[in-house]
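Notes for the one structure printed next.
2 protein chains.
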Amino acid sequence: MRGRRAGGEVQRRAPGGTYGVIMAGGESTRFWPLGRRRVPKQFLAIAGRHSLLQDTARRLVPYVTWRRLLVVTRADHAAAVRRQLPHMPPEQVLVEPVGRNTAACAALAAEWIAARRGDAIMIVVPADHVVKNAGQLRRALASGARLAERTASLVLLGVRPTRPETGYGYIEVGKRLPGGATPAFAVRRFHEKPSTAVARRYVAGHRHLWNTGMFVWRASVFRAALQRCMPELRAALDGVCASDAPRRLRRVYRGLSPISVDVGVLQPLSRMRRPVPQMVALAVSFDWLDVGSWAAMPDLWGCDGAGNAVRAKLVSLDARDCVVYAPQQLVALLGVKDLIVVNSGGALLVCARSRAQDVRAVTQALKRRSWSGYL
Amino acid sequence: MRGRRAGGEVQRRAPGGTYGVIMAGGESTRFWPLGRRRVPKQFLAIAGRHSLLQDTARRLVPYVTWRRLLVVTRADHAAAVRRQLPHMPPEQVLVEPVGRNTAACAALAAEWIAARRGDAIMIVVPADHVVKNAGQLRRALASGARLAERTASLVLLGVRPTRPETGYGYIEVGKRLPGGATPAFAVRRFHEKPSTAVARRYVAGHRHLWNTGMFVWRASVFRAALQRCMPELRAALDGVCASDAPRRLRRVYRGLSPISVDVGVLQPLSRMRRPVPQMVALAVSFDWLDVGSWAAMPDLWGCDGAGNAVRAKLVSLDARDCVVYAPQQLVALLGVKDLIVVNSGGALLVCARSRAQDVRAVTQALKRRSWSGYL
């Protein structure tokens with residue numbers, strides 16, 4: 000019954016066309032000391048000549064145009080977004096007073112669209128991913144947009160895993176849905192960061208996809224999903240994109256818990272017997288990389304013969320499988336392996352590669368010691 | 000016969016008193032990137048407020064006075080020596096055109112003394128050692144001076160080992176000589192850097208001393224030893240401290256091989272059936288440290304609870320037994336152990352602690368790549 004009511008709010012069509020929504024609110028504590036509070040990784044040219052944000056926007060724009068691009072970011076980064084994306088109308092930077100994770104982020108974009116367009120397709124992507132073939136991505140997004148329009152589903156972009164990656168989340172899929180150029184599957188459940196053994200089974204079993212955190216849905220469908228799974232968030236943001244927005248937004252955001260789309264919406268839906276809206280995973284095959292931590296750099300930069308991924312002037316003697324970022328500086332490695340070495344802005348990180356996910360603990364330690372100047 | 004002839008050159012007394020001779024010609028390639036070609040470690044305040052050279056001079060001066068202190072160094076470091084030791088008469092910096100290791104260094108000082116004083120006691124010490132109790136050292140040196148005067152021996156300062164140190168050389172001693180406040184022993188042979196197992200036996204057996212590289216002898220006795228063991232060096236330097244010194248010195252030094260006192264004189268003597276002059280080892284017990292590589296720093300600086308020896312602003316998470324030198328900089332260690340991390344002058348070293356002796360290989364690699372700016 001509840002499902003039917005939630006579904007009932009959804010309009011038949013998305014009259015507002017298709018919007019790209021880039022979520023650029025991250026703190027990137029795992030990229031310390033390069034990523035800082037003032038300049039998180041999405042604003043940095045980690046992967047190439049342009050920042051991750053600029054690359055993300057350039058991948059979407061041929062499909063959605065600058066006039067239909069939204070970037071959701073935190074107040075302290077709004078200026079950086081406008082500076083880095085000068086072609087985007089500045090009012091399309093949706094400013095969150097503080098970061099409250101992706102559920103709030105996507106919800107705010109949905110409210111903005113609801114207030115201005117009634118409804119539209121939303122292509123929701125993080126700002127910090129790397130995709131090598133943008134054309135493939137756009138074709139997958141177009142498939143997703145058609146599917147989202149036609150079925151009123153939450154469409155998840157899943158990538159067929161090519162290696163037993165333990166740092167990603169996985170989507171377990173069920174039966175294949177009929178039709179469509181890109182294979183689409185029902186979503187069964189979600190698995191966060193598996194062990195290597197489990198990840199190997201996932202790769203071999205062909206029933207699991209990497210969860211890219213890229214989604215396609217109609218604003219109205221997502222709002223219905225919020226109504227069902229996070230009604231407080233839905234209520235708090237209702238109508239917040241009207242003219243009195245800034246002050247109300249500050250008040251509202253202070254009261255929000257930081258919850259991701261996955262935890263707040265997708266995982267609860269996956270546990271329901273009759274999820275409405277439904278979730279569909281597109282299974283695509285392209286070079287996609289969640290630049291989640293320094294450990295991702297070898298995939299991004301490539302390696303020398305000893306497995307070292309390097310952005311520095313390097314002298315390496317018996318050093319293997321290290322990640323080194325210290326542009327302009329000489330770095331000598333001697334007899335070490337599986338290390339991450341980053342020197343940036345007066346702070347040096349030396350970290351076991353297996354602990355890349357824990358770099359945020361360093362930033363927490365800095366806060367505790369009141370060494371915030373290094374954050 | 001040869002022994003008697005060599006011994007016959009030795010005068011009965013050393014009329015010139017006692018000279019301190021500091022050997023400060025080292026390149027300190029094992030302290031890269033802190034120690035550089037232009038500023039080797041002896042000029043750096045690694046241990047405390049003063050440089051190792053200044054500390055070395057201050058330990059000797061209450062005993063020998065500034066007017067009886069000689070510092071032997073390379074031409075490119077003479078100015079630094081004079082600047083760091085302003086109380087020492089500048090002409091007492093004996094300048095080697097190029098570094099040729101300690102045999103040439105001590106021989107040059109012996110020639111200088113022979114030319115000006117005829118004979119004198121020489122206390123020969125490296126510039127890069129740390130001694131915690133200077134009073135104890137001076138008492139040992141005074142014992143050595145009396146012994147050297149009385150017996151016309153080469154007196155070696157040996158320290159009773161307190162741990163199975165594998166980075167030091169050891170003196171194996173024979174029978175104890177009669178008399179003297181400080182126990183003195185005949186020298187049997189020398190052992191370089193033993194394995195841990197062997198070093199343990201040395202510590203347990205009480206027949207081995209750390210070879211400190213500090214020596215006491217009469218200039219005439221040492222010249223006689225050179226005559227016997229390194230006659231070419233002795234001949235090449237004969238009279239070199241006369242007035243035409245600089246030009247001749249350059250020519251002479253170009254032809255010299257870099258050989259240490261130990262290899263060139265002491266070890267050959269120890270293999271002779273009738274060594275003349277004889278060698279005597281004083282067995283002293285004091286806190287002495289050969290600051291030979293970064294691995295020595297824990298003894299010098301002390302450690303935190305996790306065994307980290309640190310000169311930096313440190314955030315340490317699950318990090319053990321590391322040596323960190325990066326003054327003024329923030330360093331974060333995460334999940335690493337047994338590393339040496341040094342950031343200095345635009346160059347960063349990350350090195351396995353067990354490879355501290357191989358840091359010079361980095362400097363050799365820099366030479367090969369023509370990155371000499373970092374040397």
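If you read the sequences in order, they're chains P and L.
If you read the first sequence in numbering that gives the first Met the number 0, its first letter stands for residue 0, the second for the next number, and so on.
If you read the second sequence in numbering that gives the first Met the number 0, its first letter stands for residue 0, the second for the next number, and so on.
Backbone N, C-alpha and C define an ideal beta-carbon position, used for all residues, glycine too.
Small disclaimer: the values here were computed from a predicted structure and weren't measured.
Against chain L, the CB of Tyr373 of chain P has a partner CB under 8 Å away; the residue lies at that interface. Lys131 of chain P counts as exposed, since fewer than 16 other beta carbons sit within 10 angstroms of its beta carbon. Here Met22 of chain L is bridged, per DSSP, to L:Val71 and L:Pro125.
A check of alpha carbon separations from Ser353 of chain P across P:Arg58, P:Gly25, P:Arg29 and P:Leu281 identifies P:Arg29 as the nearest. Inter-residue distance for Arg115 of chain L and Arg233 of chain L is about 17 Å (C-alpha atoms, whole angstroms). In the three-state reduction of the DSSP assignment, Tyr167 of chain L falls in the coil class, being assigned neither a helical nor a strand state.
The beta carbon of Thr362 of chain P sits closer than 7 Å to those of Thr28, Trp31 and Leu374, all from its chain and outside the five residues before and after it, given in chain order. Asp337 of chain P carries a coil assignment under DSSP once its states are collapsed to helix, strand and coil. Using a CB distance below 7 Å, the part of the segment 311-342 of chain L facing chain P consists of Val314, Leu316, Ala325, Gln328, Leu329, Val330, Ala331, Leu332, Leu333, Gly334, Val335, Leu338, Val340 and Asn342, ordered along the chain. Three or more Cβ pairs closer than 8 Å define a contact, and the segment 32-43 of chain L meets that threshold against the segment 75-93 of chain L. A check of alpha carbon separations from Met22 of chain L across L:Arg48, L:Gly15, L:Phe42 and L:Gly34 identifies L:Phe42 as the nearest. Residue burial is scored here from C-beta neighbours: Gly238 of chain P has fewer than 16 other C-beta atoms within 10 angstroms and is therefore classed as exposed.
DSSP, reduced to helix, strand and coil, places Leu176 of chain L outside both helices and strands of the structure shown, so it counts as coil.
For Asn100 of chain L, the three-state secondary structure derived from DSSP is helix.
For Cys302 of chain L, none of the residues of chain P pass the 7 Å Cβ criterion, the least Cβ distance being about 17 Å. By the beta-carbon neighbour count (other beta carbons within 10 angstroms, threshold 16), Glu148 of chain L is buried. Around the Cβ of His128 of chain P, a 10 Å sphere holds 16 or more other Cβ atoms; the residue is buried.
Taken atom to atom, the span from the alpha-carbon of His205 of chain L to that of Asp286 of chain L is near 17 Å.
With a threshold of 8 Å between beta carbons, Gly306 of chain P makes no contact with chain L.
According to DSSP, residue pairing for Asp289 of chain P in a beta bridge involves P:His128. Under a criterion of Cβ atoms nearer than 7 Å, the residues of chain P adjacent to Gly345 of chain L are, in order, Gln328 and Leu329. As for any alpha helix (DSSP H) of minimum length 4 sitting wholly inside the segment 134-160 of chain P, there is none. Residues of the segment 186-213 of chain L with a C-beta atom less than 8 Å from some C-beta of chain P do not occur. Under the Cβ criterion of 8 Å, Arg354 of chain L is counted among the residues facing chain P.
For the segment 73-101 of chain P, there are no residues whose beta carbon sits under 8 Å from a beta carbon of chain L. Taking a C-beta distance under 8 Å as the contact criterion, Pro267 of chain L and Cys228 of chain L qualify as a contact pair. In the three-state reduction of the DSSP assignment, Arg310 of chain L falls in the strand class. In this structure, Leu329 of chain P keeps its C-beta atom at 8 Å or more from the C-beta atom of Val349 of chain L. Taking Gly179 of chain P as the centre and dropping the five residues before and after it, the same chain places the C-beta of Ser142 and Leu146 closer than 7 Å to its C-beta, in chain order.
The segment 289-304 of chain L makes no contact with the segment 247-256 of chain L: fewer than 3 CB pairs, one atom from each, lie closer than 8 Å. In this structure, Asp289 of chain P lies away from Ala280 of chain P, with their beta-carbon atoms at least 8 Å apart.
Among the CB atoms of chain P, none fall inside 8 Å of the CB of Ala295 of chain L.
For Arg319 of chain P, the beta-bridge partners assigned by DSSP are P:Lys336.
For Leu33 of chain L, the nearest beta carbon of chain P is not closer than 8 Å to its own beta carbon. The Cβ atoms of Leu140 of chain L and Trp111 of chain L lie no closer than 8 Å to each other. In chain order, Pro163 and Thr165 place their CB closer than 8 Å to the CB of Thr195 of chain P, counting only its own chain and leaving out the 5 sequence neighbours on each side.
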